[in-house]
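Participant:
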Amino acid sequence: MSGTPSLRRKGNSGVFADWLTRDLFAPFLGDPVAVVASSGLPESLRAIVTRVVRSTRLWRRERSEVARELVSHFAEGLDAGRSADELESDFGDLASAARLIRRAKLRSRHWSWHTWRRACQAVALALIACTAAWCAFAVPYFSRAPSIVRNFAAEFNASIAAGPGERVAWPEYLTALREVASEQMELSARRLPDGMASWDCRSPRDDGWDETRAFLVRHAEAVKSIRRGASIPTMGCAVSNAVDPGLLEVIKLRTPSSATLFATAATEENPMLVGVLLPQLGELRMMARLLSADLHRAVEDEDAADAGANLSAMIGLATHATQSQFLIGDMVGHAILALTMERLLETLADHPGLLSDDNLRDLAHCLASFAGGGRLALRLEGERAMFLDVLQRLYSDDGRGDGRPTHSGMWNVMWSMASDGSAIGPFGPSRDSAVGIVVGPVVAAVSASRREMLREYDRYAGIAQRQHATPRWLRTSRAVDDAIDDATVSLSYRVRYGLLLTVFPQLDRTTEAIDQVEQRRDATLAAIALELHHRRHGSYPSSLDELQPGLLPTMPVDRFDGKPLRYLLREGRPVLYSIGADRFDNAGTPPETGREDAARQWQPATPRPLRDGPGAGKLPSPPPSGDWVLYPPAKGPPAKRVPESNMDG
Amino acid sequence: MRIERELMRGAGPVAVLKLLERGDMYGYELVDALSKRTEGVLDMGQSTLYPLLYNLEAKGLIESQWREKGLTRPRRYYTLTASGRERLSEDTRQWHSLAKAMKGLGLLPPAFANGGAQS
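Protein chains in written order, with this note's numbering: chain A, 60 to 708; chain B, 506 to 624.
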């Protein structure tokens, strides 16, 4: 009980001070020098004690203890009548004594000190190991440089260039674009809900059609220029990182501020394919919509020649889009083709007598021979070239098709791929940012090699081509998505092939989009054949078989079950339909209003959760009950102009 | 005669424990007793003794305390702990077995071994 009053007398501050001196700072208290100095030993023995104690490199308190004990030992020896020299010679090896004393004293320290020491040693070892590994990674990363030997843009341009003296379409298109550009700003202020400018109005049922019609009449020459351009086989627009000067002039007329942005890019001799601009694709789509609107004008005017010319020209525009050699160009071409077929089917359904037999035969021929005829290919040459170009700019080259990522390559590629000009990922805002320098070698070390990366790219591309070659009704899954999903379960795979996963296109969706275009094309050819049959015989056939082989060389196939496309007569008019995504024949009845598009979206029998988008991680909605009615095409509600107060500019 | 370091490493600790079995001792006293009682065979200097003592202390076989009362100078006395006694007992058994084995090999004279085993 004696401790309690003592504590009370000292108070909390006194207890705290005791704790500080006795426990926390105790190891660092004590004065070994003073212990030796006050020992009274002869100088030679004092020197031994001092040297041993100092060599132990222990805490001050421990050294004091050792010094005190050694001093005591020597004093006992002297008292026993032994000389200083004898004691000195009996002591033994000083360095060995210090080492052994240190080892023994460390062993007696508290477990928490040992834990801390082990942790520090582990951290130090880890740091040393990391530093050594980083140095091993950094030497090749910083010392090697990419070897850019191929100019893919030049190769592309050589393959799409016109022959000597051959005309190209691009100047005709520029003439048309220049003519309409001056009015575009004014008219685009009056927008429809889908963002189209008023001259883009799709049909006379849409709000603002009168303005569109007047615009088309005013710019009949522009429409003719587009038709002329579309009739020329070669488009002649080069692949470049800079906007074509002629198009830049058009952009200036439309929106001067955008022109300033585009004008800053200088044309590079060997531009990176990922960074090339394809503004011509947007212009082709816009011109297709303009021709589509003019088709409505021609139908209203019962001008069969203009109507047929517009439809033919739209197919020409689609063909030109596919000449870009990139997958995106093919997709734009397919979209223009789909628009063309929709307009053609509308015209056939609503004005069956307008287009002449020759018109219809020509259009059927153009559609059937689009992109070489037959199945639309999944062309990945452009995508592969783009990937090869990234690899040659990012990786070193060992001369045998392999290499590792390099600092300069990593920087150049990341910079080029950043859409807004800012660097992305760990590479910070400048080439030599600290984060980029530290992380870069590690990223390079864990990334797949050049050969591995290309091999994996080709593996996925092969899966996509096999998937594309498999008829839609025989497919059971989205093969590429599934292969990527299976591979990316592994974190190490995601790290190793991060670049590939970033740039690899969604090829399953591309294949499905191509399937839809083919289904529309087959239905359009059948609809033309039906109309020609009706003109010859005064009635529609009871089955599509009657159209073969003269009017319809190949029986169209329903892409959802592999059987012939469904055909029936309703109120004396023909109906062509596919059973649709629910794979059930609803006798040509489409899904409920608003879900018509879902009927044509193919889904695997056992779908996987969505990978991205708003519903990521969830299973996709089941397909709606109903058929995909291809002919006559469904008409959406007329577009209404957005009130000025709601416009976002 | 001085014995090899390896042998000393095995014999030193048990010799110190044995000396402390009879009572508390301080460093110089231990050196002196070891030298005299082993006729100089286990003679060890400070450079060997004190690390040995600190090791035994770290293992909990002995403990120490400074004493000043009634002494001409402060001395650090070492005491055998309960663990130390157990260890000494175990080591003693092992040394007896070792001596017996050496005797069997003819390395020890019979009388020496018997006497060692009985002491």
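Where is the CB? At the ideal position from N, CA and C, for every residue including glycine.
Shortest alpha-carbon distance to T553 (chain B) belongs to which of A:L153, A:P663, A:R105?
Facilitator: Residue 553 (chain B) sits at position 48 when you count from the first residue of the second sequence. It is A:L153 whose Cα lies nearest to the Cα of T553 (chain B).
Participant: Give, in chain order, every residue of the segment 546 to 573 of chain B whose Cβ lies closer than 7 Å to some Cβ of chain A.
Facilitator: Cβ contacts with chain A: G550, Q551, S552, T553, Y555, P556, Y559, N560, E562, A563.
Participant: Have a look at A:W118, A:G621, A:V92 and flag the residue whose alpha-carbon is nearest the alpha-carbon of V108 (chain A).
Facilitator: The residue labelled residue 108 (chain A) in the question sits at position 49 within the first sequence. Considering only alpha carbons, the answer is A:V92.
Participant: Pick helix, strand or coil for A482 (chain A), following the three-state DSSP scheme.
Facilitator: Numbered from its first residue, the first sequence carries residue 482 (chain A) at position 423. Residue placement at A482 (chain A) cannot be trusted, given a pLDDT of 45 that sits under 50; what the coordinates show is reported in the next sentence. A482 (chain A): coil per DSSP, three-state reduction.
Participant: Taking just the CA atoms, how far does L561 (chain B) sit from L525 (chain B)?
Facilitator: Your numbering for residue 525 (chain B) matches position 20 in the second sequence. Your numbering for residue 561 (chain B) matches position 56 in the second sequence. Each residue's Cα considered, the two are about 12 Å apart.
Participant: Assuming V198 (chain A) is part of the alpha helix (DSSP H), what are its boundary residues?
Facilitator: Against the first sequence, residue 198 (chain A) aligns to sequence position 139. Here the alpha helix (DSSP H) through V198 (chain A) covers 170 to 202.
Participant: So V309 (chain A) and M445 (chain A) are supposed to be a Cβ contact under 8 Å. How far apart are they, rounded?
Facilitator: For the purposes of this step, residue 309 (chain A) is identified with residue 250 of the first sequence, where counting begins at 1. For the purposes of this step, residue 445 (chain A) is identified with residue 386 of the first sequence, where counting begins at 1. Contact flag wrong, Cβ pair sits at about 27 Å.
Participant: With a CB to CB cut of under 6 Å and the five nearest residues on each side skipped, what residues in its chain are close to A157 (chain A)?
Facilitator: Position 98 of the first sequence holds residue 157 (chain A). The answer, listed in chain order, is V111, S114, T115.
Participant: Using the three-state DSSP reduction, which class does S65 (chain A) fall into: helix, strand or coil?
Facilitator: Residue numbering aside, residue 65 (chain A) sits at position 6 when the first sequence is read from its first letter. The predicted position of S65 (chain A) is uncertain, since its pLDDT is 42 and thus under 50; no value can be drawn from it.
Participant: Just checking: is the beta-carbon of R166 (chain A) within a distance shorter than 8 Å of some beta-carbon in chain B?
Facilitator: Position 107 of the first sequence, counted from the first residue, corresponds to residue 166 (chain A). Closer than 8 Å: yes.
Participant: Give me the chain A residues within the contact set of R598 (chain B), using Cβ-Cβ distance strictly less than 9 Å, ordered along the chain.
Facilitator: As a working note, residue 598 (chain B) is residue 93 in the second sequence. Under the 9 Å cutoff, chain A gives no residues; its nearest Cβ is about 26 Å from R598 (chain B).
Participant: Rounding to the nearest angstrom, what Cα-Cα distance links L558 (chain B) and T174 (chain A) in this structure?
Facilitator: Residue numbering aside, residue 558 (chain B) sits at position 53 when the second sequence is read from its first letter. Residue numbering aside, residue 174 (chain A) sits at position 115 when the first sequence is read from its first letter. Rounded to whole angstroms, L558 (chain B) to T174 (chain A) spans 24 Å at the Cα level.
Participant: Helix, strand or coil: which one does DSSP assign to Y533 (chain B)?
Facilitator: Here residue 533 (chain B) refers to the residue found at position 28 when the second sequence is read from its first residue. It is helical.
Participant: Three-state secondary structure (DSSP) at S569 (chain B)?
Facilitator: Counted from its first residue, the second sequence places residue 569 (chain B) at position 64. Residue state, collapsed to three classes: strand.
Participant: Could you tell me whether the Cβ atoms of D416 (chain A) and R594 (chain A) are closer together than 8 Å?
Facilitator: Taking the first sequence and counting its residues from 1, one reaches residue 416 (chain A) at position 357. Taking the first sequence and counting its residues from 1, one reaches residue 594 (chain A) at position 535. Yes, Cβ-Cβ distance for D416 (chain A) and R594 (chain A) is below 8 Å.
Participant: If I measure Cβ to Cβ from A126 (chain A) and keep anything under 7 Å in the same chain, skipping five residues before and after, which residues do I get?
Facilitator: Working through the first sequence from its first residue, we reach residue 126 (chain A) at position 67. Result list for A126 (chain A): P91, V94, V95, V108, V112, in chain order.
Participant: Got a sec, what are the start and stop residues for the alpha helix (DSSP H) L591 (chain A) sits in?
Facilitator: For this step, residue 591 (chain A) is matched to residue 532 along the first sequence. Here the alpha helix (DSSP H) through L591 (chain A) covers 566 to 596.
Participant: From N216 (chain A) to M331 (chain A), what distance separates their C-alpha atoms?
Facilitator: Position 157 of the first sequence, counting from 1, holds the residue named residue 216 (chain A). Position 272 of the first sequence, counting from 1, holds the residue named residue 331 (chain A). Rounded to the nearest angstrom, the two C-alpha atoms are 14 Å apart.
Participant: Taking 8 Å as the CB-CB cut-off, is G89 (chain A) touching chain B?
Facilitator: As a working note, residue 89 (chain A) is residue 30 in the first sequence. No, G89 (chain A) lies away from the interface with chain B (no Cβ there is under 8 Å from its Cβ).
Participant: Evaluate the contact criterion for the segment 496 to 511 of chain A versus the segment 527 to 540 of chain A: three or more CB pairs, one atom per stretch, below 8 Å.
Facilitator: Result no; under three Cβ-Cβ pairs closer than 8 Å.
Participant: So, for F211 (chain A): in the same chain, excluding its five sequence neighbours on each side, which residues have a beta-carbon less than 6 Å away from its beta-carbon?
Facilitator: In the first sequence, the residue the question calls residue 211 (chain A) occupies position 152. Closer than 6 Å at the Cβ level, and outside the excluded window around F211 (chain A), lie L332, A444, D448.
Participant: Please list, in chain order, the residues of the segment 119 to 139 of chain A that have any C-beta partner in chain B closer than 8 Å.
Facilitator: The segment 119 to 139 of chain A vs chain B, Cβ under 8 Å: V125, R127, E128, L129, S131, H132, A134, E135, G136, D138, A139.
Participant: For R578 (chain B), which of helix, strand or coil comes out of DSSP?
Facilitator: Residue numbering aside, residue 578 (chain B) sits at position 73 when the second sequence is read from its first letter. If DSSP states are grouped into helix, strand and coil, R578 (chain B) belongs with coil.
Participant: Report yes if the CB atom of L343 (chain A) is closer than 8 Å to the CB atom of V391 (chain A), and no otherwise.
Facilitator: Locating residue 343 (chain A) in the first sequence gives position 284, where the first residue counts as 1. Locating residue 391 (chain A) in the first sequence gives position 332, where the first residue counts as 1. In contact: L343 (chain A) and V391 (chain A) (Cβ atoms closer than 8 Å).
Participant: Residues of the segment 521 to 538 of chain B in Cβ contact with chain A at a cutoff of 9 Å, in chain order, please.
Facilitator: So the list reads Y531, G532, Y533, E534, V536, D537, given in the order they occur along the chain.
Participant: Quick check on DSSP: helix, strand or coil for V501 (chain A)?
Facilitator: Here residue 501 (chain A) refers to the residue found at position 442 when the first sequence is read from its first residue. Looking at V501 (chain A) - three-state DSSP - the assignment turns out to be helix.
Participant: Do you know how far the Cα of Q660 (chain A) is from the Cα of E571 (chain A)?
Facilitator: Here residue 571 (chain A) refers to the residue found at position 512 when the first sequence is read from its first residue. Here residue 660 (chain A) refers to the residue found at position 601 when the first sequence is read from its first residue. When rounded, the distance between both Cα atoms is 8 Å.
Participant: By the DSSP assignment, the alpha helix (DSSP H) with L398 (chain A) in it spans what residues?
Facilitator: Residue 398 (chain A) sits at position 339 when you count from the first residue of the first sequence. Where L398 (chain A) is concerned, the enclosing alpha helix (DSSP H) stretches over 386 to 409.
Participant: Bridge partners for Y626 (chain A) per DSSP, in chain order?
Facilitator: Within the first sequence, the letter at position 567 stands for residue 626 (chain A). In the DSSP output, where bridge partners are listed per residue, Y626 (chain A) has A:L635.
Participant: In chain order, what residues of the same chain lie with their CB nearer than 8 Å to the CB of A693 (chain A), ignoring the 5 residues before and after it?
Facilitator: For the purposes of this step, residue 693 (chain A) is identified with residue 634 of the first sequence, where counting begins at 1. Result list for A693 (chain A): P649, E655, in chain order.
Participant: Would you kindly report the start and end of the unbroken alpha helix (DSSP H) that includes Y559 (chain B)?
Facilitator: On the second sequence, position 54 is the one that residue 559 (chain B) refers to. Start and end: 551 to 563.
Participant: Of the residues A:R141, A:W118, A:P101, which one's Cα is nearest the Cα of D537 (chain B)?
Facilitator: Taking the first residue of the second sequence as 1, we reach residue 537 (chain B) at position 32. Of A:R141, A:W118, A:P101, the residue nearest in Cα terms is A:R141.
Participant: Using the beta-carbon of each residue, which ones in chain B are nearer than 7 Å to G151 (chain A)?
Facilitator: By one-based count along the first sequence, residue 151 (chain A) stands at place 92. G550, Q551, S552, T553, listed in chain order.
Participant: As a quick exercise: from A:V276, A:Q384, A:E280, A:R237, pick the residue whose alpha carbon is nearest that of K311 (chain A).
Facilitator: For the purposes of this step, residue 311 (chain A) is taken as residue 252 along the first sequence, with counting starting at 1. Considering only alpha carbons, the answer is A:R237.
Participant: For A106 (chain A) and chain B, any beta-carbon pair shorter than 8 Å?
Facilitator: Numbered from 1 along the first sequence, position 47 holds the residue referred to as residue 106 (chain A). No, its Cβ sits nowhere closer than 8 Å to a Cβ of chain B.
Participant: Note down, in chain order, each residue of its chain lying with its Cβ closer than 7 Å to the Cβ of Q524 (chain A), except the 5 sequence neighbours on either side.
Facilitator: For the purposes of this step, residue 524 (chain A) is taken as residue 465 along the first sequence, with counting starting at 1. Closer than 7 Å at Cβ, skipping near neighbours: L437.
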